[in-house]
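Protein chains in written order, with our numbering: chain P, 1 to 112; chain F, 113 to 225.
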């Protein structure tokens, strides 16, 4: 049982480049989330989705985009990478609200 | 507004002792709380949750206590082991949201052999 799988694990980008962080879950969860975690801090919600075709902004959505074409996948897109987006990105999923969220192991992104 | 925070940023305990990690919340309407463990280089791992209709819930070596009167949550780890060394976060749903969680900054637990 893979749970939540994130790729890549590490990436270095130059300012202005774009990339997509991949997230897939095999638990048939309806809800999926993207967080960022800066050093020594808690997690901040970027975007979330309550089902295929439905996405919504979280606390820190600027500079990011998401799509949810299937239940399993929830990619996060950075269009114009900026140094402020250097962080560790975590994807999570849950059956619904007020249910435990299950996290992937993160993508460590550095923008230079 | 909601505020999920932890009283102590670091906690150091002797192997075999019990650990208590505390969390304060400000939204008296919160009805669900979760504890996560995050080891270095890994994603948060679900430990235990509790709903507001309970005061206490026990898992394997862990107990969560909820005091709604003072809006306080605690995680107790019995017979702490080196493998328990990690950062522990409490989280609660954001009011009016669809399952979004608010996380505290975390408490780093260090276990001394």
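Each residue gets a CB set at the ideal place from its N, CA and C atoms; glycine is no exception.
Cβ neighbours of residue i in the same chain (closer than 7 Å, five flanking residues each side left out)
| i | result |
| --- | --- |
| residue 106 of chain P | 6, 88, 89, 90 |
| residue 126 of chain F | 224 |
| residue 79 of chain P | 18, 65 |
| residue 129 of chain F | 192 |
| residue 11 of chain P | 19, 107, 109 |
Chain-ordered neighbours of residue i on chain F, where CB pairs are closer than 8 Å
| i | result |
| --- | --- |
| residue 102 of chain P | 158 |
| residue 58 of chain P | 212 |
| residue 90 of chain P | 155, 156 |
Beta-carbon neighbours of residue i, restricted to chain F and to distances below 7 Å
| i | result |
| --- | --- |
| residue 48 of chain P | 212 |
| residue 45 of chain P | 212 |
Proximal residues to residue i (C-beta, below 6 Å), its chain only, five neighbours per side dropped
| i | result |
| --- | --- |
| residue 83 of chain P | 111 |
| residue 185 of chain F | 135, 145, 178, 202 |
| residue 86 of chain P | 110, 111 |
| residue 95 of chain P | 29 |
| residue 168 of chain F | 177 |
Where the beta strand (DSSP E) through residue i begins and ends
| i | result |
| --- | --- |
| residue 179 of chain F | 174-179 |
| residue 187 of chain F | 184-189 |
| residue 203 of chain F | 198-205 |
| residue 92 of chain P | 87-94 |
| residue 215 of chain F | 213-215 |
| residue 24 of chain P | 19-25 |
| residue 60 of chain P | That residue, residue 60 of chain P, is in no beta strand (DSSP E); it is neither H nor E in DSSP. |
| residue 224 of chain F | 219-224 |
| residue 76 of chain P | 76-78 |
| residue 124 of chain F | 122-126 |
| residue 136 of chain F | 131-137 |
| residue 65 of chain P | 64-66 |
Residues that residue i contacts on chain F, provided the C-beta gap is smaller than 9 Å
| i | result |
| --- | --- |
| residue 105 of chain P | 153, 154, 155 |
Other residues of its chain near residue i: CB distance less than 8 Å, five sequence neighbours each side excluded
| i | result |
| --- | --- |
| residue 174 of chain F | 147, 159, 160, 187, 188, 189, 190 |
| residue 68 of chain P | 32, 49, 51, 52, 53, 54, 55, 74 |
| residue 222 of chain F | 122, 123, 124, 125, 197 |
Residues that residue i contacts on chain P, provided the C-beta gap is smaller than 8 Å
| i | result |
| --- | --- |
| residue 205 of chain F | 97, 98 |
| residue 161 of chain F | 100 |
Contact with chain B by residue i, beta-carbon distance below 8 Å
| i | result |
| --- | --- |
| residue 41 of chain P | The structure shown contains no chain B; its protein chains are P and F. |
Residues that residue i contacts on chain P, provided the C-beta gap is smaller than 7 Å
| i | result |
| --- | --- |
| residue 146 of chain F | 100 |
| residue 168 of chain F | Correct list: empty, because the minimum Cβ distance to chain P is about 18 Å. |
Listed by chain order, chain P residues near residue i by CB distance under 9 Å
| i | result |
| --- | --- |
| residue 218 of chain F | 40, 41, 42 |
Beta strand (DSSP E) runs wholly inside the stretch 144-176 of chain F, at least 3 long, in chain order:
For secondary structure counted as the beta strand (DSSP E) over 3 or more consecutive residues, the stretch 144-176 of chain F holds these complete runs in sequence order: 144-150, 157-163, 168-170.
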